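As structure tokens, the structure follows; a few thoughts come after it.
2 protein chains.
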Amino acid sequence: MEIGILGTGTVGRTIGTKLVQLGHEVMLGSRDPANPKAIAWASKLGSPHALYGTFKNAAEFGEIIFNCTLGSASLQVLQGVGTENLKDKILIDVSNPFNYSTDKIALMPCNTDSLGEQIQRAFPETHVVKTLNTMNINVMVEPDKVPGRTDVFVSGNNLKAKEAVTEILRDWFGWKSIIDLGDITTSRGVEMYMILWVCLRRVVDAERFNIKVMTS
Amino acid sequence: MEIGILGTGTVGRTIGTKLVQLGHEVMLGSRDPANPKAIAWASKLGSPHALYGTFKNAAEFGEIIFNCTLGSASLQVLQGVGTENLKDKILIDVSNPFNYSTDKIALMPCNTDSLGEQIQRAFPETHVVKTLNTMNINVMVEPDKVPGRTDVFVSGNNLKAKEAVTEILRDWFGWKSIIDLGDITTSRGVEMYMILWVCLRRVVDAERFNIKVMTS
Numbered sequence: 006m007e008i009g010i011l012g013t014g015t016v017g018r019t020i021g022t023k024l025v026q027l028g029h030e031v032m033l034g035s036r037d038p039a040n041p042k043a044i045a046w047a048s049k050l051g052s053p054h055a056l057y058g059t060f061k062n063a064a065e066f067g068e069i070i071f072n073c074t075l076g077s078a079s080l081q082v083l084q085g086v087g088t089e090n091l092k093d094k095i096l097i098d099v100s101n102p103f104n105y106s107t108d109k110i111a112l113m114p115c116n117t118d119s120l121g122e123q124i125q126r127a128f129p130e131t132h133v134v135k136t137l138n139t140m141n142i143n144v145m146v147e148p149d150k151v152p153g154r155t156d157v158f159v160s161g162n163n164l165k166a167k168e169a170v171t172e173i174l175r176d177w178f179g180w181k182s183i184i185d186l187g188d189i190t191t192s193r194g195v196e197m198y199m200i201l202w203v204c205l206r207r208v209v210d211a212e213r214f215n216i217k218v219m220t221s
Numbered sequence: 006m007e008i009g010i011l012g013t014g015t016v017g018r019t020i021g022t023k024l025v026q027l028g029h030e031v032m033l034g035s036r037d038p039a040n041p042k043a044i045a046w047a048s049k050l051g052s053p054h055a056l057y058g059t060f061k062n063a064a065e066f067g068e069i070i071f072n073c074t075l076g077s078a079s080l081q082v083l084q085g086v087g088t089e090n091l092k093d094k095i096l097i098d099v100s101n102p103f104n105y106s107t108d109k110i111a112l113m114p115c116n117t118d119s120l121g122e123q124i125q126r127a128f129p130e131t132h133v134v135k136t137l138n139t140m141n142i143n144v145m146v147e148p149d150k151v152p153g154r155t156d157v158f159v160s161g162n163n164l165k166a167k168e169a170v171t172e173i174l175r176d177w178f179g180w181k182s183i184i185d186l187g188d189i190t191t192s193r194g195v196e197m198y199m200i201l202w203v204c205l206r207r208v209v210d211a212e213r214f215n216i217k218v219m220t221s
């Protein structure tokens with residue numbers, strides 16, 4: 006499949022590497038069509054399937070698109086990409102709206118809105134599915150690195166899009182426990198959880214962690 | 006030990022029952038000194054250790070105080086109790102600042118503040134420890150009802166107070182995994198997690214659940 010990834014940070018590159026290794030054609034997009042991190046990524050992979058270009062190039066290229074930009078930049082990046090390049094496509098939103106301008110990490114938006122909802126409202130003909138924003142980067146595509154079948158969540162309005170993303174999570178990335186939280190408003194839950202995640206990252210004595218919902 | 010519990014809802018009564026069963030003297034406090042729920046609770050327990058009175062009575066009575074009031078009412082209740090009845094005591098804050106006035110459950114305060122912090126700021130000579138706000142009520146005092154040694158979190162500025170609360174959680178209630186998140190500002194993490202908890206409660210097919218942090 007042809008997949009566009011917006012963002013050349015560690016999240017975008019890690020997901021991109023996994024997808025190329027699985028045999029997909031991947032284009033990493035950034036502001037700069039010759040972004041040094043994207044060039045180094047493609048060069049290291051040494052595959053004709055590892056491509057790069059602008060955000061717009063990557064969105065045009067992808068049948069499915071991953072939003073791996075900084076949450077604070079996501080809406081602006083997507084507006085630049087244009088509605089026509091996102092229309093009728095699945096947009097997998099992996100970002101968190103961290104606001105680093107306060108003394109403690111906070112979120113913007115938060116509580117009565119979420120970035121997932123903002124993106125869905127801005128692009129009503131795109132199928133936004135929020136997922137994978139709740140764990141360490143390398144756990145996203147290698148969930149077995151944390152033992153115990155931990156959980157990943159999906160939020161979105163379109164059931165078929167969520168089914169497709171669930172298959173990607175399960176069959177491509179290896180997630181065994183995928184919890185459908187409901188419509189895109191449940192993005193608030195997974196985004197707001199990240200403040201607890203930030204607290205946990207400071208005190209958990211392990212390189213990686215993730216939560217598991219235990220039931221009686 | 007003499008323990009004051011502010012609030013006669015299911016949280017207050019459940020914790021109160023457990024403490025009486027453990028042999029402690031417990032006073033449930035409410036606005037009404039003859040609150041019907043408190044009277045029924047004491048009558049059902051049929052123990053001389055199960056007492057009730059006003060919020061102020063309960064706070065005066067307790068060496069340790071549990072705040073089990075609605076988050077939206079907590080500060081007002083505590084102001085009514087008075088600084089002198091809370092001074093130098095441990096206040097275990099179990100409440101969540103749910104705001105039901107919006108179409109979806111939201112929090113007030115949130116993100117750049119928390120109820121735990123508001124209470125600590127309002128009562129600087131009280132040792133506020135936030136805990137037990139992140140799980141179903143009956144799991145709070147019977148953690149083994151959810152298998153798998155799930156987690157409870159503690160947040161607070163005073164280390165000795167957190168140690169005392171950790172002992173209560175472990176020795177009285179049976180918690181085996183207690184995670185100290187840090188100072189009272191980490192109340193934001195556990196309070197904001199509750200929006201994910203509300204999402205989970207709708208979709209998890211079980212009477213009770215709780216999260217466990219799995220590490221690699």
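For the protein sequence lines, the chains are G and H, in the order given.
Just so you know, the first sequence maps onto residues 6 to 221 in the numbering used here.
Just so you know, the second sequence maps onto residues 6 to 221 in the numbering used here.
Backbone N, C-alpha and C fix where the C-beta goes; we use that ideal spot for every residue, glycine too.
None of the values given here were measured: they were computed from a predicted structure.
Range of the contiguous alpha helix (DSSP H) that encloses residue i
i: Phe60 (chain G); result: 60-66
i: Asn143 (chain H); result: 142-146
i: Thr171 (chain G); result: 164-172
i: Gly121 (chain G); result: 120-127
i: Ser192 (chain H); result: 192-208
i: Gly85 (chain H); result: 76-86
i: Lys49 (chain H); result: 41-50
Enclosing beta strand (DSSP E) for residue i [first to last residue]
i: Asn72 (chain G); result: 69-72
i: Leu96 (chain G); result: 95-98
i: Lys217 (chain H); result: 214-220
i: Leu186 (chain H); result: 182-187
i: Val133 (chain G); result: 132-136
i: Asp156 (chain H); result: 156-161
Residue i, buried or exposed, once every other Cβ within 10 Å from all chains shown has been counted against 16
i: Arg207 (chain G); result: exposed
i: Ala39 (chain G); result: exposed
i: Ala211 (chain G); result: exposed
i: Ser79 (chain G); result: buried
i: Thr107 (chain G); result: exposed
i: Asp176 (chain G); result: exposed
i: Gly9 (chain H); result: buried
i: Gly12 (chain H); result: buried
i: Leu91 (chain G); result: buried
i: Gly34 (chain H); result: buried
i: Glu89 (chain G); result: exposed
i: Asp98 (chain H); result: buried
i: Lys165 (chain H); result: exposed
i: Ala45 (chain H); result: exposed
i: Pro102 (chain G); result: buried
i: Glu65 (chain H); result: buried
i: Gly21 (chain H); result: buried
i: Gly194 (chain G); result: buried
i: Gly28 (chain G); result: exposed
i: Gly76 (chain H); result: buried
Under 8 angstroms between C-beta atoms of residue i and residue j
i: Asp118 (chain G); j: Val218 (chain G); result: no
i: Gly67 (chain H); j: Glu7 (chain H); result: yes
i: Leu96 (chain H); j: Ile70 (chain H); result: yes
i: Val133 (chain G); j: Val159 (chain G); result: no
i: Arg154 (chain H); j: Ser182 (chain H); result: yes
i: Thr15 (chain H); j: Met145 (chain H); result: no
i: Cys115 (chain G); j: Asn116 (chain H); result: yes
i: Ile189 (chain H); j: Glu122 (chain H); result: yes
i: Asn72 (chain H); j: Val151 (chain H); result: no
i: Gly161 (chain H); j: Cys204 (chain G); result: no
Residues sharing a beta bridge with residue i, DSSP
i: Glu30 (chain H); result: H:Glu7
i: Asn104 (chain G); result: G:Ala111
i: Leu56 (chain H); result: H:Met32
Whole-Å CB distance - residue i paired with residue j, under 8 angstroms assumed
i: Ser221 (chain H); j: Arg213 (chain G); result: 4 angstroms
i: Tyr198 (chain G); j: Thr136 (chain G); result: So it is not a contact: roughly 13 angstroms between Cβ atoms.
i: Val25 (chain G); j: Lys61 (chain G); result: So it is not a contact: roughly 21 angstroms between Cβ atoms.
i: Asp149 (chain G); j: Lys167 (chain G); result: 23 angstroms between Cβ atoms; not a contact.
i: Leu83 (chain G); j: Glu196 (chain G); result: Going by Cβ atoms, the distance from Leu83 (chain G) to Glu196 (chain G) rounds to 17 angstroms, so no, they are not a contact pair.
i: Thr74 (chain G); j: Ser100 (chain G); result: 6 angstroms
i: Glu30 (chain H); j: Leu56 (chain H); result: 7 angstroms
Any non-hydrogen atom of the ligand GDP closer than 7 angstroms to residue i Cβ
i: Thr13 (chain G); result: As for the ligand GDP, it is missing from this structure, which has no ligand bound.
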